[in-house]
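Q: This is the structure, below, for whatever I ask next.
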Amino acid sequence: GENVEQHPSTLSVQEGDSAVIKCTYSDSASNYFPWYKQELGKRPQLIIDIRSNVGEKKDQRIAVTLNKTAKHFSLHITETQPEDSAVYFCAARSLYNTDKLIFGTGTRLQVFP
Amino acid sequence: GAVVSQHPSWVICKSGTSVKIECRSLDFQATTMFWYRQFPKQSLMLMATSNEGSKATYEQGVEKDKFLINHASLTLSTLTVTSAHPEDSSFYICSARTLYDPRGETQYFGPGTRLLVL
């Protein structure tokens, strides 16, 4: 079945450094890839998404890249701040099952001041 | 816009009782709502998908008689955990999606309900 792998599971960076989280999906028919940020005890919040007809998308300090051939997509956070500390989930949605999002296992990002 | 609420935010109940959790889309009509379960430090596990006015579609391994889902209107879905047991203790999160706007594929999440079964 569909599967999304996410790495690393934990990531610690110094404030101001960049952070990169990578995901790999198994269903080549996936065409929508959102990223969610979840702070402790709170709801997941959509921070950025990308569709399969685009290779890269940027929103201020956050960017997402997609490599359809390799079935990889990555989240890049530049100039990290302590408030970026949270768990980040990638997800993928199949063209043939548009109801479901398959989530990665999450990355706990800690930004030290 | 696109706010989803859940009620209650937390509940403690005795083993064997039933618990109902409500998920509401406050400022949009939700054609589809999703129910997830999340264990501590783990990912979101989809339990079921519900479309307004039709029966929910349950994921493999999720007991439909145990987790009753009703999506009676375009703004409300309910999850009832029947005869709850300690192993049902978890964080339950709903999300909602509308196909009525250009970003109809986005899922908006509720704040979650923490269930503790004693």
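Here the protein sequences come in this chain order: Z and G. In terms of this note's numbering, the first sequence has 45 at position 45, counting the first letter as 1, and numbering is strictly consecutive. In terms of this note's numbering, the second sequence has 79 at position 79, counting the first letter as 1, and numbering is strictly consecutive. Every residue gets a Cβ at the ideal spot worked out from N, C-alpha and C, and that includes glycine.
Quick one: which chain Z residues come within Cβ less than 8 Å of Phe-67(G)?
A: Residues of chain Z passing the Cβ test: none, with the nearest at roughly 17 Å.
Q: For Pro-111(G), does the three-state DSSP call read helix, strand or coil?
A: DSSP places Pro-111(G) in coil when its eight states are reduced to three.
Q: How many Å lie between Ala-2(G) and Tyr-36(Z) at the Cα?
A: C-alpha separation (whole angstroms): 15 Å.
Q: Between the alpha carbons of Leu-118(G) and Ser-85(Z), how many angstroms are there, rounded?
A: So the two alpha carbons sit approximately 32 Å from each other.
Q: Excluding the 5 residues preceding and the 5 following Pro-113(Z) in the sequence, name in chain order all residues of the same chain whose CB lies nearer than 6 Å to its CB.
A: For Pro-113(Z), where only same-chain residues beyond five positions count, the Cβ hits under 6 Å are Glu-15, Pro-82.
Q: At a CB-CB cut-off below 7 Å, which residues of chain Z make contact with Ser-43(G)?
A: In chain order: Phe-89, Phe-103, Gly-104, Thr-105, Gly-106.
Q: Quick one, which residues of the segment 97 to 115 of chain G are near chain Z if we go by CB-CB under 7 Å, in chain order?
A: Residues passing the 7 Å Cβ filter: Glu-105, Thr-106, Gln-107, Phe-109, Gly-110, Pro-111, Gly-112.
Q: For a contact meaning CB atoms closer than 7 Å, what does Leu-46(Z) contact in chain G?
A: What Leu-46(Z) touches in chain G: Thr-106.
Q: Considering only the beta carbon of each residue, do Ser-18(Z) and Thr-65(Z) sit closer than 8 Å?
A: For Ser-18(Z) and Thr-65(Z), no; Cβs fall outside 8 Å.
Q: Chain G partners of Asp-99(Z), CB-CB under 7 Å?
A: The answer, in chain order, is Thr-32, Thr-49.
Q: Going by C-alpha to C-alpha distance, which of Leu-79(G), Val-62(G), Thr-31(G) sits closest to Asn-70(G)?
A: When each option's Cα is compared against that of Asn-70(G), the closest is Leu-79(G).
Q: In chain Z, which residues lie with their C-beta within 7 Å of the C-beta of Ile-93(G)?
A: Ordered by position in chain Z, the residues that pass the 7 Å Cβ test against Ile-93(G) are Arg-43.
Q: Look up Asp-65(G) in the DSSP assignment and say whether it is helix, strand or coil.
A: Three-state DSSP puts Asp-65(G) in coil, outside helix and strand.
Q: Just curious, the beta strand (DSSP E) that Asp-84(Z) is in, first and last residue?
A: From DSSP, Asp-84(Z) is part of no beta strand (DSSP E); its letter is neither H nor E.
Q: Mind pulling the chain G residues with CB within less than 8 Å of Tyr-32(Z)?
A: In chain order: Glu-105.
Q: Where Asn-31(Z) and Leu-109(Z) are concerned, what is the direct C-alpha to C-alpha distance, given to the nearest angstrom?
A: Cα to Cα, Asn-31(Z) sits roughly 26 Å from Leu-109(Z).
Q: Leaving out five residues before and five after Thr-75(G) in sequence, what residues of the same chain have Cβ atoms less than 7 Å from its Cβ?
A: Within the same chain, Thr-75(G) has close Cβ partners Arg-24, Ser-25, Gln-29, Ala-30.
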